[in-house]
Structure formats: structure tokens, C-alpha cells
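Participant: Going by this note's numbering, the first residue of the sequence shown is number 283, and it counts up by one from there. Virtual Cβ for every residue (Gly too), placed ideally from N, Cα, C. The structure displayed is predicted, hence computed values, not measured ones.
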Amino acid sequence: MSDSEYNPEDTGPVGGRRRELPAVPPARPRATPSQPQYHPTTELDLSRGFPPVSNETSEIDLSGGWPEHLKVPPRPPAQRAAGRVLGVDVGTVRVGLALSDPTGTLASPLDTLRRAKDKADLDRLAALVVEHEVTEVVVGEPVHLSGAAGTSAADAADYAQELADRIPDVPVILIDERLSTVTAASHLREGGIDSRKQRAVIDQAAAVVILQQFLDSRRPRA
């Protein structure tokens, strides 16, 4: 065999320059499979029905407050009953009324009642709550610009209480109505209406301002 023929002792065509290769580590011995483990089972006799199940409970001492490791899910927010809202502007002579749409979005003028010594206006107002299926009543409280409550605010609060006594199932809410009459008169002048000659109109317009401000305050902001 000539020098150019293949020699298993050579590493390639370079001939006698054998490459030193690292030794191959011996193969690891394979682990023998462990013996199968058997778990004992209990045979249940169901011929007479399912056996009773006992639930164990633990007593928790709450005398020192609620434990920190126990989490209480928050209560979902109370859902407001859908329906119309009635706005009331209480004056010494007249009571202006406004009514919202069923979605509680837009306020519109409804009526003007003349206050009576026999409280007939309150009876009529309670009847309107039932007639229009009102779910809430908003009464304006005419406080001063400083925030102090005067005689007009006290009169409105008394009127709201007397109305609440007549409609116990419908909540009556007192809200701040500063400048509601001034705002209503300004809106009427912009519409070409002389509020001085139509007092009943301005009473209803003031009730619209009160109610619309209340509806807008509850509307979620974007």
C-alpha cells in the first residue's frame, strides 16, 4: 500500500500528523427503573346510597377585629333606580316644578303650583310624583353666596320634609341652588322672554336649572 492510500492511523491527507482528540467520557450507567408503587384504596359500598359527608369548620375570633389574612370582597356599588327625577324650586308664593326624561338626562319645565295655607300644593305635588312615576325628588336649598342658610333655606328644608312625609317611598334630596333664579332669568332673556311679566315661567325655569345641575353632577365624566 502506497503512502497516499488511506491509513486508519492517519487523521487525513496530511499523513503522519495525527490530531490529539480529547478522550470520550464513558457513558453513564442507566438508572434501573424503580419498583412500581402501589397506593392502597378503600372500597366503598354504595348499595345503600352515598355515605354522609362531614364538613369541618374552624372558629374565628373576631373580637380583635377582622384578621388581616382574610380578604373581604368589596361590595358592588348600589344601583340607582331608573326613572324620572322631579326638580322643585320653593318660593314664598309659588313652587316651580321640572321633570327629567326616563333616563335622567334632560330636565324640562313641568308646572307651577301656588302655595296654599291648607297645604293643597303639597298634596298636588305628591300626586304628580305618583302620576309621573318619579323615583327621586330634588328640592333646591337657596343658601347665601357665603354658604350660610337663611330663612329661605329653612323654608325650603321644611317644605322638603313635609313632602317627604307624603311620599315615604321616594327619596327627597336637598341640594344647593345658589343663583338658580338668576341663571334662569338670564336664560329667559336670551330667549326673548321677559321674566318679570311671567313669574310662573321663571319659577319653572329655576326648577329646570336646579334639576339639570343635579343630573349633570351624577353623570359619569369621560
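Does DSSP put E413 in a helix, a strand or coil?
Facilitator: In the structure shown, E413 sits in a helix (DSSP, three-state: H, G or I).
Participant: Can you pull the DSSP bridge partners for I492?
Facilitator: I492 is not bridged to any residue.
Participant: Just the C-alpha distance for S345 and P450, rounded to the nearest angstrom, thanks.
Facilitator: 38 Å
Participant: CB-CB under 6 Å to T394, same chain, minus the five flanking residues each way: which ones, in chain order?
Facilitator: R376, G378, A482, D485 and Q486
Participant: In three-state terms, what does DSSP make of D440?
Facilitator: In the structure shown, D440 sits in a helix (DSSP, three-state: H, G or I).
Participant: Could you check the C-alpha separation between T387 and K401 for me, to the nearest Å?
Facilitator: 31 Å
Participant: Any idea if E413 is buried or exposed, counting beta-carbon neighbours within 10 angstroms, 16 or more meaning buried?
Facilitator: Answer is exposed; the Cβ neighbour count stays below 16.
Participant: Who does D372 pair with in a DSSP beta bridge?
Facilitator: The question names Asp, yet the displayed sequence has Val at residue 372. V372 pairs with V377.
Participant: Between which two residues does the beta strand (DSSP E) containing R396 stretch?
Facilitator: A389 to R396
Participant: Can you tell me whether I492 is buried or exposed, with buried defined as 16 or more other CB within 10 angstroms of its CB?
Facilitator: buried
Participant: Output yes or no for whether 8 Å exceeds the beta carbon distance between V370 and V421.
Facilitator: yes
Participant: Residues in its own chain within less than 7 Å of G373 by CB, not counting five upstream and five downstream?
Facilitator: Shown here for G373: same chain residues with a beta carbon closer than 7 Å to its own, the five before and five after excluded, namely D485 in chain order.
Participant: Looking only at DSSP bridge pairs, what is L458 linked to?
Facilitator: Just to set this straight, residue 458 is Asp in the shown sequence, not Leu. In the DSSP output, where bridge partners are listed per residue, D458 has E423.
Participant: If we ignore side chains and look at the alpha-carbon of each, how far apart do E228 and A364 end up?
Facilitator: Outside the shown range of the chain, which is 283 to 504, sits residue 228, and nothing can be said about it.
Participant: Buried or exposed, going by whether 16 or more other CB atoms sit within 10 Å of the CB of L328?
Facilitator: exposed
Participant: For R501, which of helix, strand or coil comes out of DSSP?
Facilitator: coil
Participant: What is the rounded straight-line gap between the Cα of A438 and the Cα of G347?
Facilitator: 43 Å
Participant: Could you compute how far the alpha carbon of A446 sits from the alpha carbon of E341?
Facilitator: 46 Å
Participant: Taking just the CA atoms, how far does E459 sit from E423?
Facilitator: 5 Å
Participant: For R448 and T433, what's the separation of their Cα atoms in angstroms?
Facilitator: 23 Å
Participant: To which residues of the same chain is L497 closer than 8 Å at the C-beta, ignoring the five residues directly before and after it?
Facilitator: V367, S382, G386, T387, L388 and A389
Participant: Looking only at its chain, what residues have a beta carbon closer than 6 Å to the beta carbon of A266, apart from the 5 residues adjacent to it on each side?
Facilitator: Outside the shown range of the chain (283 to 504) lies residue 266, about which nothing can therefore be said.
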